[in-house]
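Participant: So the sequence shown is numbered by the working numbering: it starts at 1 and just counts up by one.
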Amino acid sequence: MSALDNVREWFSQENSRNKISAIVAGLLFFAGWWFLIDTLACYPGALNAGQIIVGVVGTISFFMVNTVKNSHLSEDNFGSRTHLAKIWLLIGFMLGFSAIIASVWIMVADFTSKDKVETWPGVAILLQNVLILISNLIYRFGRSEEEWSY
1 MSALDNVREW
11 FSQENSRNKI
21 SAIVAGLLFF
31 AGWWFLIDTL
41 ACYPGALNAG
51 QIIVGVVGTI
61 SFFMVNTVKN
71 SHLSEDNFGS
81 RTHLAKIWLL
91 IGFMLGFSAI
101 IASVWIMVAD
111 FTSKDKVETW
121 PGVAILLQNV
131 LILISNLIYR
141 FGRSEEEWSY
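Here's what the structure looks like:
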């Protein structure tokens, strides 16, 4: 049996939804950070620490959103922990969308003026945060917790 047949069999199982969403989300997350690493390598000194922090905020959002279980958000649960989980999730999404807004602002304000020769660093910051947010959404809503046994 070839390696391709093994991969095909691995993804043809009934519970492959979690595997596929985790792989796709991981690849998008990796690609987002790779754009920033590429920019830092090809254009040294083009970005300052404040511009790099925006991607870190998006990454923090990824971890905040994906640490909340769906069972904590169901209407069957009542109490302070349910409210805290919902607030935690809301703050996580707010950080993710704030990172997108900040990256658009950085791209427009710092990299689209006539004085700037290179616009790729601004585009890379925007792509990084868009890909991190998309991977965040895929990893959050692409998986099903019913297949987990714990």
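We put the CB at the ideal spot given by N, CA and C, even for glycine.
(1) Would residue 57 pass as a contact of residue 31 if the rule is Cβ separation under 8 Å?
(2) What did DSSP end up calling residue 112 once you bin it into helix, strand or coil?
(3) Does the distance from the C-beta atom of residue 92 to that of residue 106 stay below 8 Å?
(4) Of all the options 42, 5, 19, 55, which has the alpha carbon lying nearest to the alpha carbon of residue 120?
(5) For a test of the three-state rule: what should DSSP assign to residue 143, helix, strand or coil?
(6) By DSSP, does residue 85 sit in helix, in strand, or in coil?
(7) Give me the Cβ distance between residue 54 and residue 125, rounded to the nearest whole Å; I'm assuming they're in contact under 8 Å.
(8) Could you give the distance in angstroms between the alpha-carbon of residue 87 and the alpha-carbon of residue 49?
(9) Taking the alpha helix (DSSP H) that residue 69 belongs to, which residues open and close that run?
(10) Within this structure, are the beta carbons of residue 138 and residue 16 separated by less than 8 Å?
(11) Put residue 150 into one of helix, strand or coil per three-state DSSP.
Facilitator: Reading from the atomic positions:
(1) Taking the first residue of the sequence shown as position 1, residue 57 is located at position 57. Taking the first residue of the sequence shown as position 1, residue 31 is located at position 31. The answer is no: Cβ separation not under 8 Å.
(2) Here the question's residue 112 lines up with position 112 in the sequence shown. Looking at residue 112 - three-state DSSP - the assignment turns out to be coil, as it is neither helix nor strand.
(3) Here residue 92 refers to the residue found at position 92 when the sequence shown is read from its first residue. Here residue 106 refers to the residue found at position 106 when the sequence shown is read from its first residue. Result no, Cβ atoms of residue 92 and residue 106 do not sit closer than 8 Å.
(4) The sequence position of residue 120 within the sequence shown is 120, counting from 1. Closest by alpha carbon: 42.
(5) Position 143 of the sequence shown, counted from the first residue, corresponds to residue 143. Of the three classes helix, strand and coil, the one that applies to residue 143 here is coil, per DSSP.
(6) Indexing the sequence shown from 1 puts residue 85 at position 85. It is helical.
(7) Locating residue 54 in the sequence shown gives position 54, where the first residue counts as 1. Locating residue 125 in the sequence shown gives position 125, where the first residue counts as 1. Contact flag correct, Cβ pair sits at about 6 Å.
(8) Taking the first residue of the sequence shown as 1, we reach residue 87 at position 87. Taking the first residue of the sequence shown as 1, we reach residue 49 at position 49. Taking the straight line joining both Cα atoms gives about 29 Å.
(9) Numbered from its first residue, the sequence shown carries residue 69 at position 69. That residue, residue 69, is in no alpha helix (DSSP H); it is neither H nor E in DSSP.
(10) Sequence index remark: in the sequence shown, residue 138 carries index 138 (1-based). Sequence index remark: in the sequence shown, residue 16 carries index 16 (1-based). Taking 8 Å as the Cβ cut-off, residue 138 and residue 16 do not qualify as a contacting pair.
(11) Taking the first residue of the sequence shown as position 1, residue 150 is located at position 150. Confidence in residue 150 is poor, its pLDDT being 47 and thus under 50, which makes the residue's placement unreliable; the coordinate value appears in the next sentence. In the structure shown, residue 150 sits in coil (DSSP, three-state: anything other than H, G, I, E or B).
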